[in-house]
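**Q** Have a look at the structure that comes next, please.
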Amino acid sequence: MSQTKDYRVSHLDALEAESIFVMREVMAEFERPVLLFSGGKDSIVMLRLAEKAFAPGRIPFPVMHVDTGHNFAEVLDYRDRRVAALGLNLVVASVQEAIDTGLVRELPDGTRNRIQTPVLLAAVEKYRFDALFGGARRDEEKARAKERMFSFRDEFGQWDPKNQRPELWALYNGRHHPGESIRVFPLSNWTELDIWHYIAKEQIPLPSIYYAHDREVVERGGMFYAVNEFIQLRDGESSQVRRVRYRTVGDASQTAAVLSEADTVEKVIDEVAATRITERGATRGDDKVSEAAMEDRKREGYF
Amino acid sequence: MSQAVLEPGAAFERNMDLLRFATAGSVDDGKSTLIGRLLYDTKTIFEDQLEAVEAASASRGDEYTNLALLTDGLRAEREQGITIDVAYRYFATPRRKFIIADTPGHIQYTRNMVTGASTADLALILVDARKGLVEQSRRHAFLTSLLRVPHLVLCVNKMDLVDWDQKVFEQIADEFTAFAAKLDVPDLTIIPISALNGDNIASRSEASPWYEGPSLLHHLEHVHIASDRNLVDVRFPVQYVIRPQSTTVTDYRGYAGQVASGVLKPGDEVLVLPSGLTSTIAGIDTATGPVDQAFPPMSVTIRLNDEIDISRGDMICRPHNAPAVAQDVEAMVCWMDESAPLRVGAKYTIKHTTRTARTVVRGLQYRLDVNTLHRDDAADGLALNEIGRVRLRTTVPLLADEYRRNRTTGGFILIDESTNRTVAAGMIIEAS
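Chains A and U are the protein sequences, given in the same order. Counting from 23, one number per residue, gives the positions in the first sequence under our numbering. Counting from 221, one number per residue, gives the positions in the second sequence under our numbering.
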C-alpha cells in the first residue's frame, strides 16, 4: 500500500483492497469455502490475495483443481510447489477418473472443457462446498460482464442471468439453502493488464509457459498449438519451432500460444498493453464455438 | 469512424487512480453507442471484438458499424435489442482506470440504476437532443441524488441531428439545471455530444465552436474525486478476527476490515461499539508489513493494546465521534423484488456494514413518485422499483450514520428470509 500524505490510493491498491474484503466476507459468512486453483495466472493472483487477506494466519480454506487430465507439465509442477509452500490442502477433481467411473463420457472430439462441469459439481456435492472462489474477470467475455461478485447457483450449480441478486455498495448477500452455493469472483473488476501489473508489483512467480520460449507448434486457424501428447499433427500439417508464450492456461488440448518475444514481466505488460486481440479470442478454441458459447456453459454450471 | 486518439502503450502509470461511474439513459438515447465509442476511442476494443461487431452490423443491415453491439451481452438481449441487467465495462487512459456500471434505462429497471449508482463516483445521464428531457431523465437524476453520487454529467446526445444548434443545447441545459437545483446534486457538468460520430467524446469537436467546456473523456479523467471520501469520521466495521492457530505465530489477535471512513493511526484512542469499551491502536497491519495510517478504501488488520471482546459486526470509531447505536431507523428504501411487495409488519433480514440482524417494518410514511417527487401518504406497500420512506425496528442495534454523511455506514440491504433474495436497498435518514 502506498502511504502518502494526500491519501492517494492507486487503482491496483483499490482493486486489491476490494478483493481482500470479498475474501474475508466469504470466510466470515460461509461454512466451507474453497478456492479454485488451476495454476493459471488469475488463480495465482487470487491465491496471493488470499495469503494477504488472512496474514499472518494461513489461508483458512482448501484449494481445488478441476483436472482435465490435459495439463501442461510446467503448470502442474507449479501448482504442487505453491500448494506445498503455503501448506494448503489440495482437492483434485479428476475428469479422467470421472470418465473411468462413467460419471461423464469422453466427447468424440476429445475435448474436455464441457465435461469438466459435471466433475466440478460432483466435487462440490461430495465436499459440501458452499462458496467457490473463481478467478473469472468481467473483462474476459461478454457473458461475464454481467456476472456478480457473489454469483448465486441453484442446487444444480446453474447460473440464471435473470435471477441474480442485485449487489449494492459492498453488501454481498451470500445466503443460500442447503445444496445451493455461491460462486465468488474476487477479481471481477480486474482487467488482464491489471493482473500483469499486479504480478510485476508483487513479484509473483508464474509457470514458465507464460513467458516467451521456443516450442514446437502447429498452426490451426491462425492459432498456434503446441505439438504434444494431446495435439498430434494431422495429415498435411507440419510443425515448426516458434518463439511463443501462453496468454491463458486452460485445457492443453484447447489452449493456443501466441507468438511473442516477451520473456520478462515488463515485456509482457508492454505486449498486453499493445495487443489488439482479446485474451480468449487469441487463445481459446473453446470460446469460438458460438457467439453465446460462454453464456451456455455458465448456465450449465461452468465458472 | 473517426481516428482513435489515444495510444494505450505501456506508458500507463501503475499509479493511476480508479473512477467508477454509472450510465443511464432511455432505450434510444444512444447509451450503448456512447460506451462503445469510449471503448473504441481509448483503444479498449480489440480487433476480434470489432470484427464480430462489424459482421453483426452487416447482417442486421446497419449502415455503419453499430458500436452499440459491443456492449449487448446476452443472447436474450441481442434478440430483443434491450439490456436486461447491469453490465460492467472497463477502460483506462494514462491517468485513470474506469469501471462503468452500464444500467438499462427502462422504467422497470430502477432497481438496476440504484445498484449501479450505489458504488459510483459519478453518474452519466444521456438525453436525445431532439427529444429533450423526458420522464426518465428526471428519474435518473433523482436516483443519482438519492444515492448521493457526488458527480453528475448530463450528455446531450445526437447533437448532429439538430445541426449542433446551440439554442437546443442551452434550452435542455437550462431545464435540467433548474430541475437539478431541487435535488441534492453537488457537481453538475453538461456536455453536447454525438456518440455516433465521436464529437466531444475523446476531444473537443469543431462542430461546436460555441461550447467551451471539456470533452467527456477529459472531464472523466480530471474530475476531482479524492475529496469525495469521508476522511473525518473514523469508522472501521470489523469483518473478521484473525487469530492464527499456529506454532510460528502466537498471541496474535487482529481485527480485519476495510476502512469505511476516517484516518486511523497507531496510538489513536478508539471506541469499540456496541460494547462502549475504549482502547488504543497498537498497530495497523497488512500482509506486507505494518503501516503508519489507514484510510478508505484500504483493507487492513488492526491490533489494540487492550484485550477486549470484539467480533464481526462491531465497529471501531473514536470516543468523541461515533455512529448512532440504534434499533429504530428511518430510511428511504427502493424495493427490488418482483415476487412480493414491502408490507408494514413484515420481517426481513437486514445487512448493514458487516452486521446482520432481523428487522420489522414498523411504518411506511409515504411512497415517492420518482417522476414528480410527489409523496403519497396513503400508500400501504412498495412494489418492485418503488421508493418510499419507512420506519424499521431491528432486533439488535445497528451502528449507523446518516447516509448523506456516510454512504458505507448509512446504506443497508433487506433480505427475504424465505427466498434469501435481496429485496431492498435502504438509505438511512435518521437512526436512534
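Note that CB positions come from ideal geometry on N, CA and C, so glycine has one too.
Per DSSP, what kind of secondary structure is A:Thr123 in: helix, strand or coil?
**A** Three-state result, A:Thr123: helix.
**Q** Out of A:Lys164, A:Ser60, A:His219 and A:Phe178, point me to the one whose CA is closest to A:Glu293's CA.
**A** The residue with the shortest Cα to Cα distance from A:Glu293 is A:His219.
**Q** Should U:Ala340 be labelled buried (16 or more other beta-carbon atoms within 10 Å of its own) or exposed?
**A** Buried, by the Cβ-count rule.
**Q** Decide if A:Gln225 is buried, meaning its Cβ has at least 16 other Cβ atoms within 10 Å, or exposed.
**A** Result: exposed.
**Q** Going by alpha carbons, who is nearest to A:Glu259 out of A:Gly243, A:Pro55 and A:Asn211?
**A** Comparing Cα-Cα distances from A:Glu259 to each of A:Gly243, A:Pro55 and A:Asn211, the minimum goes to A:Gly243.
**Q** Between which residues of its own chain and U:Arg257 is the CB-CB distance below 7 Å, once the five residues before and five after are set aside?
**A** Hits under 7 Å: Leu287, Ala415, Gly418 and Ile421.
**Q** Counting only beta-carbon separations shorter than 7 Å, does U:Phe362 have a partner in chain A?
**A** No, no contact with chain A.
**Q** Could you tell me which uninterrupted beta strand (DSSP E) segments, each at least 3 residues in length, are contained entirely in the stretch 227-298 of chain A, listed from first to last along the chain?
**A** 235-242, 245-248 and 262-267, all fully within the stretch 227-298 of chain A.
**Q** Let me know if U:His444 comes out buried or exposed under the rule of 16 or more other beta-carbons within 10 Å of its beta-carbon.
**A** That one is exposed.
**Q** With DSSP as the reference, label U:Lys351 as helix, strand or coil.
**A** Three-state result, U:Lys351: coil.
**Q** Assuming U:Gly192 is part of the beta strand (DSSP E), what are its boundary residues?
**A** This structure gives no information on residue 192 of chain U, because the portion of chain U shown stretches from 221 to 652.
**Q** Report yes if the CB atom of A:Thr133 is closer than 7 Å to the CB atom of A:Tyr324, and no otherwise.
**A** Contact: no.
**Q** Taking the CB atoms as reference points, tell me whether U:Val619 and U:Pro543 lie closer together than 7 Å.
**A** For the sequence presented, residue 619 of chain U should be read as Leu rather than Val. Cβ distance < 7 Å, so U:Leu619 and U:Pro543 count as in contact.
**Q** Excluding the five sequence neighbours on either side, which residues of its own chain have a C-beta within less than 6 Å of the C-beta of A:Arg166, listed in chain order?
**A** Hits under 6 Å: Ala158 and Arg160.
**Q** Given a cut-off of 7 Å, decide if U:Gly487 and U:Val454 are closer than it, judged by their beta-carbon atoms.
**A** Contact flag unset, no.
**Q** Give the interface partners of U:Lys567 over in chain A, defined as CB-CB distance under 8 Å, in chain order.
**A** Within chain A, no residue comes near U:Lys567; the closest Cβ sits about 15 Å away, beyond 8 Å.
**Q** Measure the beta-carbon distance from U:Asn377 to U:Val405 and round it to whole angstroms, keeping in mind my assumption that it falls under 8 Å.
**A** With 8 Å as the limit, U:Asn377 and U:Val405 do not qualify as a contact, their Cβ atoms being about 20 Å apart.
**Q** Just to make sure I have the definition right: I need the residues of chain U whose C-beta is within less than 9 Å of the C-beta of A:Leu193. Which are they?
**A** Within 9 Å Cβ-Cβ: Ser338, Lys571, His572, Thr573, Gly631, Phe632, Ile633, Thr642 and Ala645.
**Q** Jot down the residue ranges of each uninterrupted beta strand (DSSP E) in the stretch 70-148 of chain A, minimum 3 residues, whole runs only, in chain order.
**A** The qualifying runs are 85-89 and 112-116.
**Q** Would DSSP call A:Gly179 helix, strand or coil?
**A** Coil.
**Q** Distance check for A:Pro200 and U:Asp248, CA to CA, integer angstroms please.
**A** Going from the Cα of U:Asp248 to the Cα of A:Pro200 covers about 43 Å.
**Q** Starting from U:Arg257, follow the alpha helix (DSSP H) in both directions and report where the run begins and ends.
**A** Unbroken alpha helix (DSSP H) run through U:Arg257: Lys251 to Asp261.
**Q** Name, please, each residue of chain A whose Cβ falls closer than 9 Å to the Cβ of U:Phe515.
**A** Residues of chain A passing the Cβ test: Tyr29 and Val31.
**Q** Closest to A:Asn135 by CA distance: which of A:Gly91, A:Val146 and A:Arg104 is it?
**A** That would be A:Gly91, whose Cα lies nearest to the Cα of A:Asn135.
**Q** Going by the CB atoms, is the gap between U:Ile522 and U:Ile504 shorter than 7 Å?
**A** Cβ atoms of U:Ile504 and U:Ile522: closer than 7 Å.
**Q** When you compare only the Cα positions, how much space is there between U:Leu484 and A:Glu47?
**A** Computed Cα separation, rounded: 21 Å.
**Q** Hey, does U:Leu238 have any beta-carbon neighbour from chain A nearer than 7 Å?
**A** Yes, U:Leu238 counts as interfacial toward chain A.
**Q** Could you name the residues of the same chain whose beta carbon sits closer than 7 Å to that of A:Ile42, not counting the 5 residues immediately before and after it, in chain order?
**A** Contacts found: Leu71, Lys74 and Ala75.
**Q** According to DSSP, what are the bridge partners of U:Trp555?
**A** The partner list for U:Trp555 (beta bridge, DSSP) reads U:Ala644.
**Q** Checking contacts by CB at 7 Å: is A:Lys289 closer than that to chain U?
**A** So no, A:Lys289 is outside the interface.
**Q** For A:Ile291 and A:Leu215, what's the separation of their Cα atoms in angstroms?
**A** Going from the Cα of A:Ile291 to the Cα of A:Leu215 covers about 7 Å.
**Q** Going straight from the alpha carbon of U:Val388 to that of U:Leu363, what length do you get?
**A** Each residue's Cα considered, the two are about 25 Å apart.
**Q** Select from U:Ser423, U:Val616, U:Ala645 and U:His439 the residue whose C-alpha is nearest the C-alpha of U:Ser652.
**A** With distances taken between Cα atoms, U:Ser652 lies closest to U:Val616.
**Q** Following the continuous alpha helix (DSSP H) through U:Asp505, name the residue where it begins and the one where it ends.
**A** First-last for U:Asp505: Leu497 to Thr506, but that is the beta strand (DSSP E), not the alpha helix (DSSP H).
**Q** Mind listing which residues of the stretch 79-92 of chain A have their C-beta closer than 8 Å to chain U's C-betas, in chain order?
**A** Cβ contacts with chain U come from Gly79 and Arg80.
**Q** Quick check on A:Gln186: does DSSP put it in helix, strand or coil?
**A** Coil, per DSSP.
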